[in-house]
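Working notes for the structure below.
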Amino acid sequence: MESFSSKQFNASISQIVDQPHVLLVDDDPNTLNYLGTMFGACKCLVSTSVSERVLQILEYIYAHRTKLNMICVNYKSSESGLNGYELLVQFKRSGSAAKDVPVVIYCHDPNPDQQIELNNCMIAGASMVFEKSLIMLAEVVDLMKRIQQ
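Adding 1015 to a residue's 1-based position in the sequence shown gives its number in the working numbering.
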């Protein structure tokens, strides 16, 4: 059996604590995998959730006193009946543990009605809203780097 000293344990915990923590919310497992890989390559600690469980995941994260640096949400997540805008409102409500966490909303090919609501996301407190694409993902990674500083 391999032993693990408290010094090694503390070093491991310190390394995890120093990593920026991103929560990814999407109902598509492929998108969660892809985004998780991209943020992982940027040395981020990544948590993922489908939209129906995101509020439970947030409670768990904060109950364990884990700092959260960013939340990325697919606007069209709908398994819970809440779209990205509605989740954003939940995150930013008074008393929410996540109210000060930057939220990025993304959407693939929004229709005109969704575009209006995406604009409302910025008014409601989103840090960034974009159409899902590789170019825009680079902007999110840049935002994550700015948050780290």
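Each residue gets a CB set at the ideal place from its N, CA and C atoms; glycine is no exception.
Residue nearest to T1081 within the set V1144, Q1130, M1143 and P1035 is P1035 (criterion: CA-CA distance). Look at the beta carbons and you see the stretch 1068–1085 touching the stretch 1033–1048: at least three pairs across the two are nearer than 8 Å. Setting aside the 5 residues that flank it on each side, T1063 is surrounded in the same chain by L1039, L1047 and G1051, each with a C-beta closer than 7 Å to its C-beta; the list follows chain order.
Within the same chain, and ignoring the five residues on either side of Q1105 in sequence, the residues whose Cβ sits closer than 8 Å to its Cβ are L1070, L1097 and S1111. Burial is judged here by how many other beta carbons sit within 10 angstroms of a residue's own beta carbon; S1066 has at least 16 and is buried. Taking C-alpha positions only, D1043 is separated from Q1130 by approximately 21 Å. Between V1119 and V1155, the C-beta gap is smaller than 9 Å, which places the two residues in contact. Counting only runs of 4 or more residues that sit fully inside the stretch 1063–1138, the alpha helix (DSSP H) segments are 1069–1078, 1099–1107 and 1127–1138, in chain order. Linking I1076 to V1061 through their CA atoms gives a straight-line distance of about 12 Å.
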